[in-house]
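Trainee: Before I ask anything, here is the structure I am working with.
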Amino acid sequence: MIYREFHLVEAPKDQSPLPLDKLRSTVTNAYPKQRIARIEIEPHPNRTVIFGLVKGKKEKDVFSVAVNPYTAQITGTRRENDSFFHIVLQLHRYLCMEDTGKAVTGAATIMFIVIMITGLALWWPNHKQTKQRLTIKWNAKFKRLNWDLHAVFGFYILPFTFLIALTGLVWSYKWVNSIIFISFDGKPQQKREAPANIDIDHALSVGGNALLNGTNRGVGALSRIITETNRLLPHPGRIQLTLPESDSLSITVSKVNENAAISNVVDFLYFDQNDGKLISKRLYDDETTGMKVRRLVFPIHTGSIWGWPSKVLALLVALITATLPVTGVVIWVGRKFKKKEKKVRKNGVPLAASSRANMTVS
69 MIYREFHLVE APKDQSPLPL DKLRSTVTNA YPKQRIARIE IEPHPNRTVI FGLVKGKKEK
129 DVFSVAVNPY TAQITGTRRE NDSFFHIVLQ LHRYLCMEDT GKAVTGAATI MFIVIMITGL
189 ALWWPNHKQT KQRLTIKWNA KFKRLNWDLH AVFGFYILPF TFLIALTGLV WSYKWVNSII
249 FISFDGKPQQ KREAPANIDI DHALSVGGNA LLNGTNRGVG ALSRIITETN RLLPHPGRIQ
309 LTLPESDSLS ITVSKVNENA AISNVVDFLY FDQNDGKLIS KRLYDDETTG MKVRRLVFPI
369 HTGSIWGWPS KVLALLVALI TATLPVTGVV IWVGRKFKKK EKKVRKNGVP LAASSRANMT
429 VS
């Protein structure tokens, strides 16, 4: 809806997409002073191919170029740091204040978890209050209805909200991320890097260099990489190619498995950037338990773990959660005034009489 021309094209009938190398040449010629750092390919025929360009060492300042895969025409550009969803993400994680905002959101999340735990303790009923604590009395007066909306709704959404908050700590604190790997793997997370390209002499000795031995002549390395990726990983899913700055490192290809029972299942392949030869694999099935658990964090946090049904549930939970500070403040304000009223009565002066006396003095 927001970036329709950037993402969508009209897919011609009986026409295959152009080779990826052709699309890369178009982008390189249009922006010769910038380096292509990544390429994103969606599994739908009516989607553009998106090239992420960077300038120098500024890897986070990505300039995206959308290309029509059937005509090689550039259909749109945008700077990712200025895009709508990037700004929303910066607000959500950092309040658009970088490390300072990250510290604030992290501390606020911990406070929220403490409030949920203590709130459950306050909610916990005795045997006579169970029904009252589990149902909302819709025809009650405002004060009782507000309390029910806070306590009853809060109880039912607490398991989901607790998981959302708990998983959110992974992005705020590195030690939370480390706990996952130490708990399930017995050691901290291992740093993953793209392997080096195959030595050219070794490639020739095993007959692997397709460019030099004449096989696949006329087909570029990127096109061969995509073909091999889809052969090894035939399931549908978004493909992302990460092109290293160094000529000595391989190209990293990740492909999402949309047929998996849960989301965020991703396989990785590494290809020689000179000839497109497969160097190594890092498949999801071969990942450590710690990495598989870590990959569950994002879909649990966003509610995308089981697709649209769990996303809708997460949306409803989030909307209800947003009402809890409002109903909670109303409860707090009511008790604050109640304490003041009790204090006046304790001194032997009725509240109404005290008010009339003050008016007389005035």
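Mapped onto the numbering used here, the consecutive letters of the sequence shown carry residue numbers 69 to 430. Where a beta carbon is used, it is the ideal one built from N, C-alpha and C, also for glycine.
Among all the DSSP beta bridges, which residues are the ones paired with Ser316?
Mentor: Answer by DSSP bridge pairing: none, since Ser316 is not bridged.
Trainee: Assuming Ser240 contacts Thr177 under a Cβ cut-off of 8 Å, what Cβ separation, rounded to an integer in Å, is found between them?
Mentor: Yes, they are in contact, since the Cβ atoms of Ser240 and Thr177 sit about 6 Å apart, within 8 Å.
Trainee: Which same chain residues end up closer than 6 Å to Pro193 when comparing Cβ atoms and leaving out the 5 residues on each side of it in sequence?
Mentor: Contacts found: Arg201.
Trainee: Check whether the Cβ atoms of Arg306 and Glu108 lie closer than 9 Å to each other.
Mentor: It is a contact, given that the beta carbons lie within the stated cut-off.
Trainee: With respect to the alpha helix (DSSP H) encompassing Leu91, which residues constitute its N-terminal and C-terminal limits?
Mentor: It spans 88 to 98 - the alpha helix (DSSP H) in which Leu91 sits, taken as one unbroken run.
Trainee: Let me know the secondary structure DSSP gives Val156 once reduced to three states.
Mentor: Val156 falls in the helix class under three-state DSSP.
Trainee: What does the alpha-carbon distance come out to for the pair Gly174 and Lys205?
Mentor: Straight-line Cα distance between these residues: approximately 36 Å.
Trainee: By the 10 Å Cβ neighbour count, where 16 or more other Cβ atoms means buried, how is Phe180 classified, buried or exposed?
Mentor: Label assigned to Phe180: buried.
Trainee: Buried or exposed: Asp129, going by 16 or more other Cβ atoms within 10 Å of its Cβ?
Mentor: Under this definition Asp129 is an exposed residue.
Trainee: Suppose you measure from the CA of Val156 to the CA of Ile373; what does that come to, to the nearest Å?
Mentor: Answer to the nearest angstrom: the Cα atoms are 21 Å apart.
Trainee: Would you kindly report the start and end of the unbroken beta strand (DSSP E) that includes Tyr338?
Mentor: Its beta strand (DSSP E) spans residues 334 to 339.
Trainee: Measure how close the beta-carbons of Asn265 and Leu346 come, nearest whole angstrom, since I'm counting them as under 8 Å.
Mentor: No, Asn265 and Leu346 are not in contact; Cβ-Cβ is about 12 Å, not under 8 Å.
Trainee: Only counting the same chain, and skipping five residues up and downstream in sequence, which positions put a Cβ closer than 6 Å to that of Arg285?
Mentor: The predicted position of Arg285 is uncertain, since its pLDDT is 36 and thus under 50; a value taken from the coordinates is nonetheless stated next. Cβ neighbours of Arg285 beyond the five flanking positions: none.
Trainee: Within its chain, find whatever has a CB closer than 6 Å to the CB of Pro80; leave out the 5 residues flanking it on each side and keep chain order.
Mentor: Excluding positions up to five away in sequence, the list reads Tyr138.
Trainee: Considering only the beta carbon of each residue, do Thr116 and Leu76 sit closer than 9 Å?
Mentor: Contact: yes.
Trainee: Does Thr291 pass the burial test, meaning 16 or more other C-beta atoms within 10 Å, or should it be called exposed?
Mentor: First, the residue type needs correcting, since residue 291 is Ser and not Thr in the sequence shown. Its Cβ being crowded by 16 or more others within 10 Å, Ser291 is buried.
Trainee: Have a look at Lys255, Ile225, His218 and flag the residue whose alpha-carbon is nearest the alpha-carbon of Val398.
Mentor: When each option's Cα is compared against that of Val398, the closest is His218.
Trainee: Quick one: give me the first and last residue of the beta strand (DSSP E) that Ile432 is part of.
Mentor: No answer is possible for residue 432: the residues shown for the chain start at 69 and end at 430.
Trainee: What is the DSSP secondary structure of Ser132, reduced to helix, strand or coil?
Mentor: Looking at Ser132 - three-state DSSP - the assignment turns out to be strand.
Trainee: Counting beta carbon pairs with one atom in the region 83 to 101 and one in the region 131 to 145, are three or more of them shorter than 8 Å?
Mentor: With a cut-off of 8 Å, the region 83 to 101 and the region 131 to 145 count as touching, because enough Cβ pairs lie within range.
Trainee: Assuming Ala262 and Thr320 make a contact with CB atoms under 8 Å, what is their CB distance in whole Å?
Mentor: The Cβ separation is near 5 Å, so the contact holds.
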